[in-house]
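A short write-up of the structure that comes next.
Numbering (our numbering), first residue to last: 1085 to 1253.
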């Protein structure tokens, strides 16, 4: 065993450590973003504060009670379909483009579905046609890029395992 030098003394730590403070520029940018968010909140809540608050609460409830179970179920189905028992990281290459594509669909659904094409044309003077084809193109690019990234990752891992010398016991 050791001598008196081997005695380990407990290290006193601050529970959450020192608060991370950035540079003065980061603090200034953070303060400006809070000011802009406060201004937008005041403007948003000025007309119909109850409707906005109801929308936020409803969106939170729909997200937590409906969408999260759907996300989890889709993720389990995806992992099962890919046989991702040992390859759980592969599901990221489907999750990310699916999430981005779904987010774009959620935001632009009225225009993608063509429900408000006439209203869009009267409000902007632009055609409301083509949103479906653009969304499909963006979705294809997202999944294609993800597939290329997965292929490159697989090739890099395969070449890294070939270069390792065998372990001799």
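Glycine included, each C-beta is placed from N, C-alpha and C at the ideal position.
CA-to-CA distance, residue j to residue i, given in whole angstroms
i: residue 1150; j: residue 1136; result: 20 Å
i: residue 1222; j: residue 1117; result: 30 Å
i: residue 1210; j: residue 1188; result: 20 Å
i: residue 1157; j: residue 1183; result: 14 Å
i: residue 1125; j: residue 1239; result: 48 Å
i: residue 1201; j: residue 1194; result: 8 Å
i: residue 1185; j: residue 1110; result: 32 Å
i: residue 1255; j: residue 1131; result: Limits of the chain in this structure are 1085 at one end and 1253 at the other, which puts residue 1255 out of reach.
i: residue 1147; j: residue 1159; result: 16 Å
i: residue 1112; j: residue 1213; result: 43 Å
i: residue 1076; j: residue 1122; result: Nothing can be reported for residue 1076: it is not among the residues displayed for the chain, which extend from 1085 to 1253.
Coarse secondary structure for residue i, derived from DSSP in three states
i: residue 1148; result: helix
i: residue 1105; result: coil
i: residue 1135; result: helix
i: residue 1167; result: coil
Same chain, Cβ closer than 7 Å to residue i, neighbours up to 5 away in sequence not counted
i: residue 1192; result: 1215 and 1219
8 Å CB neighbourhood of residue i in its chain, flanking five on each side removed
i: residue 1105; result: 1111
Point to revise | alpha helix (DSSP H) runs wholly inside the region 1172-1225, at least 4 long, in chain order | key: Taking only runs of at least 4 residues, the alpha helix (DSSP H) segments lying wholly in the region 1172-1225 are 1176-1196 and 1201-1208.
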